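Engineer:
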Amino acid sequence: MIDVNRRGEVWVFAEQHGGLLEDTPIELMSKGRHLADILGVGLGAVLLGDNVKALATKLIHYGADKVYLAEHPLLERYQANSYAKVFYDLIHKYKPQIVVYGATAVGRDLGPRIASATKAGLTADCTDLQIGDHKTTDGQMHKNLLFQIRPAFGGNIIATIINYDRWPQMATVREGVMVMATPDTKRKGQIITEKVQLSPQELPIEILEEHTRAKKVDLKAARIIVAGGAGLGSKDNFRLIWDLANCLGGAPAATRAAIDLGFIDHDHQVGQTGTTVRPSLYIAVGISGAIQHQSGMSQSQKIVAINNDPQAPIFDVAHYKIVGDLNEVVPRMIKAIKEKGFKETSSAESK
Amino acid sequence: MAYNCVVLVKQVPDTKRITGKAMNDDGTVNRAALPAIFNPEDLNALEAALDIKDRFGGTVTVITMGLPAAVTTLKDALYRGADEAILVTDARCAASDTLATSYILSCAVKRIKYDIVLCGRQAIDGDTAQVGPQLAEKLGIPQITYVEKPVEIEGRTITAQRNIGNGWQKVKAQLPVLLTVTGEANVPRVAAAKKMMKYKAAMTPAGVEQKIKAENSHASADEIKELAVQKCSEMDKKGLLIEQWNLDFLKADLTWCGRNGSPTKVHRIQSVVLASKETKSVEPTDEGLSGMIHELLEDKIIA
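Order-wise, the sequence lines are chains A and B. The numbers in our numbering rise by one with no breaks, and the one at position 77 of the first sequence is 77. The numbers in our numbering rise by one with no breaks, and the one at position 133 of the second sequence is 1133.
1) Under the rule that 16 or more other beta-carbon atoms within 10 Å means buried, what is Arg-166 (chain A), buried or exposed?
2) Among the residues of its own chain, which have a CB less than 7 Å from the CB of Met-1001 (chain B), if the five just before and after it don't count?
3) By Cβ distance, which residues of its chain are closer than 6 Å to Lys-351 (chain A), with the 5 residues on each side in sequence left out?
4) So that I know if they touch, is there some Cβ in chain B lying closer than 9 Å to that of Tyr-94 (chain A)?
5) As an exercise, report each continuous beta strand (DSSP E) stretch of at least 3 residues that is fully enclosed by the segment 39-86 of chain A, in chain order.
6) Please go through the segment 193-240 of chain A and give each complete beta strand (DSSP E) segment of 3 or more residues, from N-terminal end onward.
7) Going along chain B, which residues have a C-beta under 9 Å from Gln-201 (chain A)?
8) Around the C-beta of Pro-279 (chain A), are 16 or more other C-beta atoms found within 10 angstroms, so that it is buried, or is it exposed?
9) Taking 9 Å as the CB-CB limit, is Ala-1136 (chain B) close to chain A?
10) Just to confirm, are Thr-1264 (chain B) and Ile-162 (chain A) a CB contact at a threshold of 9 Å?
11) Taking Asp-1222 (chain B) as part of the alpha helix (DSSP H), name the residues at either end of that continuous run.
12) The beta strand (DSSP E) with Ser-1271 (chain B) in it runs from where to where?
13) Quick one: residues in its chain with C-beta nearer than 6 Å to the C-beta of Cys-1119 (chain B), no 5 flanking neighbours on either side, listed in chain order?
14) Assess contact between the segment 1193-1207 of chain B and the segment 1163-1181 of chain B, defined as three or more Cβ pairs (one per stretch) separated by less than 8 Å. Is contact present?
15) When you compare the CB of Pro-1133 (chain B) with every CB in chain A, is at least one pair closer than 9 Å?
16) Classify Glu-349 (chain A) as buried or exposed, calling it buried when 16 or more other Cβ atoms lie within 10 Å of its own Cβ.
17) Taking 9 Å as the CB-CB cut-off, is Tyr-83 (chain A) touching chain D?
18) Leaving aside the five residues before and after Ala-1228 (chain B) along the sequence, list all residues of the same chain whose C-beta is less than 8 Å from its C-beta, in chain order.
19) Say whether chain A places a C-beta atom closer than 9 Å to the C-beta of Lys-1149 (chain B).
20) Between Glu-328 (chain A) and chain B, is the shortest Cβ-Cβ distance under 9 Å, so that the two count as touching?
21) Using a Cβ-Cβ distance cut-off of 9 Å, determine whether Arg-332 (chain A) contacts chain B.
22) For chain B, find out if any of its Cβ atoms is closer than 9 Å to the Cβ of Asn-246 (chain A); answer yes or no.
23) Is Trp-955 (chain B) close to chain A, meaning its C-beta is less than 9 Å from at least one C-beta of that chain?
24) Of the choices A:Gly-132, A:Glu-206, A:Thr-118, whose alpha-carbon is the least far from that of Ile-38 (chain A)?
25) Which runs of the alpha helix (DSSP H) fall wholly inside the segment 1005-1082 of chain B and span at least 4 residues, in chain order?
26) If you measure from the beta carbon of Leu-1008 (chain B) to each beta carbon in chain A, is any gap under 9 Å?
27) Among the candidates A:Arg-256, A:Cys-126, A:His-319, whose CA atom is the shortest distance from the CA of Ala-1016 (chain B)?
28) Based on the DSSP secondary-structure assignment, which residues constitute the bridge partners of Cys-126 (chain A)?
29) Do you know offhand how far Phe-13 (chain A)'s Cα is from Tyr-1146 (chain B)'s?
30) Could you give the distance in angstroms between the alpha-carbon of Leu-1289 (chain B) and the alpha-carbon of Met-333 (chain A)?
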């Protein structure tokens, strides 16, 4: 751990794969910028990899004051041990007050390893970060702490976690919950090149094979989302979701329950264990509205809910409440949309 | 070649069955209103260990840290095929965050000869997925997280397939390693009737003492102690004694345990009350729906 260091910077882990930055660190840069400005300190991005210097400029455009660049052939591919070692050394050298990671597969693998080595705290899967004061039960006041806000207990409670003595204050942040800023190509910053010493023993894992694929749908970018729940009843009937999405030029999505029933691929999942979305329009069809689902979509600008149960919790967050049989309502809605002159798009295709 | 597996399990409240009654008015959780279950992905970790034992031989030891009531989770593990169960329980473990928990568990695991440590990917009460990697760091061994298929082992080399979010990765490492196992990795076996018969009576020493106290209400404290020691040794011979370890036994440094050892503290807990919005009811008729679409167009929500 490091001591409380009020002049310490705010750091973001700039996760990259094959020389491409992930979305999450870019989302985190805008939040990090905001936190750093409140605290009156600099924003640092920590960039690990091999031949990744080109990304440093991009991180500066997104708000970094400094980019800590650690390049080494052994850092080409992510591994918990090697990345944690290099990151640990940087934390102890520069003593940042806050370090945030995306709650990606890598962030959730790396963050705890660093937290354990530094004996510092780490709050998982935050959905918001703020700066605030905390008074302990014995009356001690701790000013300007990082409020690490996350759902807990299956989304039934929201916990605000703090860490006032053993710093840095660290958190992983869920993908898609922070809004990406527009890059400012005129922004200037400093690139600090770090010397890296690593031996092959620090890479105990051998990666034999790797298969990645692009997501079948980019829900985060969709302006209109039509989501179906278990209420659709069957994969055949889920066709209604595709049809409605197609006629609005929207993306089809689903609840965990509908995905578990095999109605649609996991890439389409909205909710706590899926994607967090905030489209202009979210149409929830046959979705009861479990808290886990609501937490992933309640920030949508307008929500339309169709359900035959007038008491369904989804109506609590809906702007338009339609009580009725979805098998009748959806076709009627498609008809109403077509009458307004909408042309069917082929952006979403059923398989 | 046989392998010794240690599986870390957790008894958790069934957060999927939370009703209004499970939340107190102040937003805290009314644990009493929730059924306690075997954390789902810990069952997958246990199954992965039992599968290794079936294929290569060896032992499966299950450890949990929790209240004495967590003994039911350990018994469940014995019913499914674990060889040994250990309860780490101590009032001074209370309020441990993931860092303190991983420290205490590392003290327990270090007392056992192991080749592979297995954890569920995450527990459903916290969903942090942190204890596995933190424990691996404390043990000084590599971690393979998000294992989604049965593993292959040859000599001291393990090969595993892990989920990396947008795909998968096959990795190789030398034992010892720590694995975190996902729900997709396998289908956990159910309890075996024979083992249930055998382990139904399994208890911790504290449980034995309590039972003897209840059965011999007139006996003195010394007599109860003596009877308990006798009974425990009998049960141990039959393999029915569930070991119970406290922080003294683990020689744990209290600086790193419980509230003291936890850098993260709770500032505030709020019940989730989603902002009430103005909800318009729309008739499910052609006119009603057409009116709504018109409004959405007017508001430039759709274009």
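Beta carbons: idealized from backbone N, C-alpha and C, even for Gly. Computed from a prediction, not measured in an experiment: that's the story for all the values here.
Structural biologist: Straight from the coordinates:
1) buried
2) Phe-1056, Gly-1155
3) Low local confidence applies: a pLDDT of 40 at Lys-351 (chain A) is under 50, so the model's placement there is unreliable, with the coordinate-based value given in what follows. Within the same chain, Lys-351 (chain A) has no close Cβ partners at all.
4) no
5) 43-49, 66-71
6) 206-212, 224-228
7) Residues of chain B passing the Cβ test: none, with the nearest at roughly 11 Å.
8) buried
9) yes
10) yes
11) 1221-1237
12) 1265-1271
13) Leu-1008, Ala-1045, Gly-1132, Thr-1180
14) no
15) yes
16) For Glu-349 (chain A), the predicted structure reports a pLDDT of 44, less than 50, and the residue's modelled location is therefore unreliable. A value from the coordinates is still provided. With fewer than 16 other Cβ atoms within 10 Å, it is exposed.
17) The structure shown contains no chain D; its protein chains are A and B.
18) Pro-1205, Val-1208, Glu-1209, Ile-1212
19) no
20) yes
21) yes
22) no
23) Summary: the structure shown does not reach residue 955 (chain B), with chain B confined to residues 1001 through 1303, and so no result is reported for it.
24) A:Gly-132
25) 1040-1056, 1071-1080
26) no
27) Per the sequence presented here, residue 1016 (chain B) reads as Lys, with Ala not at that position. Comparing Cα-Cα distances from Lys-1016 (chain B) to each of A:Arg-256, A:Cys-126, A:His-319, the minimum goes to A:Arg-256.
28) A:Val-173
29) 21 Å
30) 6 Å
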